[in-house]
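Residue numbers (my numbering): 2 to 159.
Note sheet for the following structure.
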Amino acid sequence: PDAPEAMYEPLVARYRYHFLSQDAAIPLFEGARETIAELFDAGYALGVATGKNTAGLQRALDSCGLRHYFHATRTAEQTFSKPNPAMLFELMDELGVKPERTLMVGDTTHDLQLAQNAGVDGVAMGHGAHPAAQLRELQPLALVENFAQLRLWFKGNA
């Protein structure tokens with residue numbers, strides 16, 4: 002954030018080069034695949050709201066073999082970025098889901114602010130970029146540390 006504005010474009014270009022040149026599959030957090038598959042099999046409408054660009058998201062989902070689990074996706078390239086609620090409003094509209102039947106699971110304060118701004122509940126994952134104390138300030142329904150805890154939370158609360 003402290004870089005001179007003239008450096009923005011070269012830095013973004015370099016980031017994209019390194020990100021897109023990686024051939025290895027992106028590693029998933031332990032239990033992520035099983036949790037996503039369980040929710041999908043249980044009939045939940047799953048969506049992704051991300052700050053990534055569309056190509057980056059599709060590449061990530063394809064490299065992990067997860068694309069088929071998600072019914073809808075939105076990227077910052079397609080709509081307003083988090084925490085603007087447009088991303089979540091568009092996903093709910095596409096999926097035909099009302100805010101009171103929507104849950105945002107995220108690992109950053111931006112995710113939880115997006116949930117609040119869209120009038121939906123949020124669950125925080127503690128493995129993200131922001132410390133647990135910052136996530137708790139945004140009053141998620143729960144703060145879980147891993148996907149095993151998230152699965153347990155769903156079993157008791159969904």
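Quick reminder that beta carbons are idealized off the backbone N, C-alpha and C, glycines included.
Source: prediction; values computed, not measured.
Below 6 angstroms CB to CB, which residues in the same chain sit around residue i once its five sequence neighbours on both sides are set aside?
i, result
"Glu-146", "Gly-127"
"Arg-15", "none"
"Asn-85", "none"
"Lys-53", "Thr-76"
Check the Cβ-Cβ distances between residue i and every residue of chain B, and say whether any is below 8 angstroms.
i, result
"Val-106", "In the structure shown, chain B does not exist; there is a single protein chain."
For residue i, write down the residues that DSSP places opposite it in a beta bridge.
i, result
"Leu-1", "The structure shown does not extend to residue 1, since the chain is modelled only from 2 through 159, so no value can be given for it."
Go through its chain and collect everything with a Cβ distance to residue i's Cβ below 7 angstroms, but skip five positions before and after it.
i, result
"Thr-36", "Phe-148, Leu-151, Arg-152"
"Thr-74", "Gly-48, Val-49, Leu-58"
"Asp-88", "The displayed chain sequence assigns Met, not Asp, to residue 88. Ala-50, Arg-75, Thr-80, Phe-81, Leu-115."
"Asp-24", "Summary for Asp-24: the model assigns pLDDT 49, below 50, so the residue's position carries little reliability; its value from the coordinates is reported in the next sentence. Once the five neighbours on either side are set aside, Asp-24 has no close Cβ partner at all."
"Thr-109", "Gly-129, Ala-130, His-131"
"Gln-135", "Thr-110"
Could you tell me which of the options sits nearest to residue i, measuring between CA atoms?
i, options, result
"Val-106", "Thr-55, Glu-31, Gln-117, Ala-134", "Gln-117"
"Phe-71", "Leu-104, Phe-41, Thr-110", "Phe-41"
"Leu-62", "Ser-82, Ala-77, Arg-34", "Arg-34"
"Arg-158", "Arg-102, Glu-91, Gly-32", "One detail in the question is off: residue 158 reads as Asn in this sequence, not Arg. It is Arg-102 whose Cα lies nearest to the Cα of Asn-158."
"Ala-46", "Leu-144, Glu-95, Gly-32", "Glu-95"
"Ala-77", "Arg-68, Leu-92, His-69, Leu-67", "Leu-92"
"Leu-67", "Lys-99, Phe-90, Glu-39", "Glu-39"
"Pro-100", "Asn-85, Leu-113, Asp-108, Ala-119", "Ala-119"
"Val-98", "Leu-139, His-69, Gly-44, Gln-135", "Gly-44"
Leaving aside the five residues before and after residue i along the sequence, list all residues of the same chain whose C-beta is less than 8 angstroms from its C-beta, in chain order.
i, result
"Met-8", "none"
"Leu-12", "Ala-4"
"Arg-137", "Ala-125, Leu-144"
Just to confirm, are residue i and residue j a CB contact at a threshold of 8 angstroms?
i, j, result
"Val-124", "Leu-142", "yes"
"Lys-83", "His-111", "yes"
"Leu-104", "Cys-65", "no"
"Ala-130", "Leu-144", "no"
Length at least 3, wholly inside the region 33-121: the beta strand (DSSP E) runs in chain order: 48-51, 73-76, 104-107
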